[in-house]
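Protein chains in written order, with this note's numbering: chain A, 2 to 247; chain B, 2 to 247.
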């Protein structure tokens, strides 16, 4: 069923919803007709099941026939924290991680990041990234639009991870836990973070900082993942481990 | 460490290896020097650890100082079977599934496949796909080059899956098992298959055929995956479940 978020001026009140702006245009592109069903999601986990009532004006009027909690949100809120990669890999990561259930996707600069955002271009980039997140959230039936962001430095990323129940720092060498050991070390996982590197991975001192800060230094097995594959693979494994692919 | 497969004319005999063809050129592109180390993999799970001895000629002569089994191969041989998608999604699937540990990636035509391969173009396509698999295998440190293929029809895909210990048919609606239930129903998983659909998913009769043939009809949770994300997410979950991300 087509799915829209209550954003860009759409409203719901007293059993009637109005879809406005780009989404109203999208309803027309999809060739929906009077009586056709769609879902309006408030972006906080609530779904309004609607049927189209009037599409003569600029906005689309709908009747809300049922209001239900969106069942698609995982029990664990997972932050994805990634060393900023080159090219359009950030976009791939955003799209795939939203589908796979991430709560938030944040990029940060690290020692081996080749990609530098031009000062002043962050705003435009973030706008574009957020749009990709919203599209992916619609398509995969999410109950929220995951937030995308850009952090100032590695320390900020580690501090955010540290504030979760299960902060995982994915690293390729040295003394590490398995993800299974890390998952089993926490009895009730409500929040988690997955940290992965840019193309060249992390410097030893960055991993050491993660260790000192008490993050779980985790292996992902003997195969080396590309920087745009690692977050999705780790997130899928974590979703499985916490019963969120059941 | 740079990694090459024994293909395209490279040879190993009596403690000496010769890297030939494109790979020899690649050694030079990588600016390796005399004494630098690299790994030559026989593509069947054996790694020759070498050092460069002579690169004056067209081929690169190496000394083999150690021969060890490649530790990167998972304990479960997983076939990925995907309804042929549009555009370059097949390439994305191949690359990501090789990194994630797939043994074989096979595409098949199904009812809702929009993509039709032009008769006569299969050979070229397969060649390109196989090259992508080889590149991904090198980069991720695999002990084999996963085979890529094109099957004649859905029945062939289902029959191949059926011959494995754990044939999983991923489906979005109706009566399904969780992947966890399917995994737990088999005591010793040596081989498995993951079947996912093209952009539009599967027709009900295709799912019914899978059910009749005794495949596990599996859910991947309440979120809807894009056709190029589903195989990677399912494979990562299966690798985690079978201890192959440890």
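Ideal Cβ positions, reconstructed from N, Cα and C, are used throughout, including at glycine. All of these numbers come straight from a predicted model, not from anything done at the bench.
Would you say the stretch 161-170 of chain A touches the stretch 195-215 of chain A, given that touching needs at least three Cβ pairs under 8 angstroms?
-> yes
Hey, does residue 126 of chain A have any beta-carbon neighbour from chain B nearer than 9 angstroms?
-> no
Bridge partners - residue 109 of chain A, DSSP secondary structure assignment = A/84
Identify each residue in the stretch 91-124 of chain B for which the Cβ-Cβ distance to at least one residue of chain A is less than 7 angstroms, and report them in chain order.
-> 97, 100, 101, 102
Whole angstroms is fine: what's the gap from residue 79 of chain A's alpha carbon to residue 102 of chain A's?
-> 8 angstroms
Is it right to say residue 223 of chain B is buried, meaning 16 or more other beta carbons lie within 10 angstroms of its own, or is it exposed?
-> buried
Contact list for residue 246 of chain A against chain B, beta-carbon separation under 7 angstroms | 180, 221, 222, 238
Can you list, in chain order, the residues of the stretch 59-77 of chain B whose Cβ is nearer than 7 angstroms to any Cβ on chain A?
-> Cβ contacts with chain A come from 72, 73.
Residues of chain B with CB under 9 angstroms from residue 1 of chain A, in chain order?
-> The shown model of chain A, from 2 to 247, leaves out residue 1 of chain A, and the question about it has no answer.
Pull up the distance between the alpha-carbon of residue 123 of chain A and that of residue 180 of chain A, whole angstroms please.
-> 33 angstroms
Beta-bridge pairing of residue 19 of chain B - partner residues as DSSP gives them = B/12, B/62
How would you label residue 70 of chain A, buried or exposed, when you count the other beta carbons within 10 angstroms and need 16 or more for buried?
-> Under this definition residue 70 of chain A is an exposed residue.
Hey, is residue 142 of chain B's beta-carbon within less than 9 angstroms of any beta-carbon in chain A?
-> yes
Have a look at residue 1 of chain A and residue 62 of chain A and give me their C-alpha separation to the nearest angstrom.
-> Because residue 1 of chain A is not part of the residues shown, which for chain A are 2 to 247, the question remains open.
Leaving aside the five residues before and after residue 142 of chain B along the sequence, list all residues of the same chain whose C-beta is less than 7 angstroms from its C-beta, in chain order.
-> 4, 73
How big is the Cα-Cα spacing for residue 195 of chain B and residue 237 of chain B?
-> Cα to Cα, residue 195 of chain B sits roughly 11 angstroms from residue 237 of chain B.
Would you check if the distance between the CB atom of residue 145 of chain B and the CB atom of residue 244 of chain B is smaller than 9 angstroms?
-> For the pair residue 145 of chain B and residue 244 of chain B, the CB atoms are not nearer than the 9 angstroms cut-off.
Outcome for residue 198 of chain B when other beta-carbon atoms lying within 10 angstroms are tallied against a minimum of 16 = buried
Interface residues of chain B facing residue 34 of chain A [CB-CB closer than 7 angstroms] = Correct list: empty, because the minimum Cβ distance to chain B is about 21 angstroms.
Residue 56 of chain A: which of A/220, A/31, A/229 sits nearest, CA to CA?
-> A/31
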